[in-house]
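In case it helps, the numbering used here puts the sequence shown at residues 1 to 188.
Where a beta carbon is used, it is the ideal one built from N, C-alpha and C, also for glycine.
Values in this document were obtained by computation on a predicted structure and should not be read as measured data.
Notes for the one structure printed next.
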Amino acid sequence: NQSAATSETAPLRHLGPADVPWVLRQVIAGNVVNSTAVDGWPPPESAELAALRSAGAKSFLAIPLRANDAVAGALSLFCVHEDRIWPDDLVARLGLFGTLLLSALAHRNAETRAQRANAETAQTREHLAHLARVEAVGAMTAAVAPMTTRTAAATRRPRASRCCCLTATAPDRARISPCSRTSLTTPS
């Protein structure tokens with residue numbers, strides 16, 4: 001009965017490194033942990049046995065994954081329905097599969113780092129282009145500044161030859177010719 005088997009299976013609980021310290025030490029040392037029956041573990045690892053039982057494991061397998069001659073992770077599997085025999089050829093194939101997963105993760109991480117580096121390079125280029133524009137504007141300002149200073153000084157100090165003054169006093173009629181005097185008379 002499918003529904004009876006499903007209802008008997010408890011939800012799986014996640015196991016962390018703190019739950020299985022002996023297994024973690026074995027994996028870090030590069031050893032495969034292959035337990036056909038969790039109940040067959042020796043007494044010093046009884047804490048792991050309790051954690052694995054609470055997670056619903058009946059059989060357990062942990063394969064260290066190496067990258068650059070160091071353990072970079074582990075492929076961990078456990079069977080919850082029955083005691084499982086993990087034959088050596090299956091362990092070797094699962095180790096190869098784990099290595100492929102590790103390689104794919106390393107490739108993804110390398111691509112992410114490359115994308116970040118490209119974005120940082122583009123941002124640096126934009127910043128350098130901005131600095132070049134600011135420097136060019138500064139150079140143009142420095143070149144134009146003396147010319148504008150001379151022009152401004154010239155407009156502030158008018159020369160006598162350019163100066164024409166208007167006064168509000170009446171003209172000297174004695175110096176004006178007789179024919180012009182008639183036009184300068186003011187109506188009464």
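Spatial distance of residue i from residue j (CA atoms)
i: A50; j: R116; result: 44 Å
i: A143; j: E135; result: 12 Å
i: A114; j: R133; result: 28 Å
i: R25; j: N118; result: 39 Å
i: F97; j: V32; result: 15 Å
i: A18; j: E48; result: 9 Å
i: V80; j: P87; result: 17 Å
i: T112; j: T141; result: 43 Å
Range covered by the beta strand (DSSP E) that runs through residue i
i: P87; result: No beta strand (DSSP E) holds P87; DSSP gives it neither H nor E.
i: L77; result: 70–79
i: A62; result: 59–67
i: N34; result: 33–35
Cβ shell of residue i (< 7 Å), same chain only, five flanking positions each side left out
i: A139; result: none
Any non-hydrogen atom of the ligand ZN closer than 6 Å to residue i Cβ
i: I85; result: Although the ligand ZN was asked about, the structure shown includes no ligands whatsoever.
N- and C-terminal bounds of the alpha helix (DSSP H) containing residue i
i: L24; result: 21–28
Cβ neighbour criterion (16 or more within 10 Å) applied to residue i
i: L128; result: exposed
i: R108; result: exposed
i: A55; result: buried
i: L52; result: buried
i: R93; result: exposed
i: V137; result: exposed
i: R125; result: exposed
Neighbourhood of residue i by C-beta distance below 6 Å, restricted to the same chain and skipping five residues each side
i: V27; result: A62, P64, A74
i: A29; result: none
i: S76; result: A62
Own chain, CB closer than 8 Å to residue i, minus 5 neighbours either side, in chain order
i: E82; result: K58, S59
i: V194; result: The chain is shown from 1 up to 188; residue 194 falls before or after that span and cannot be answered.
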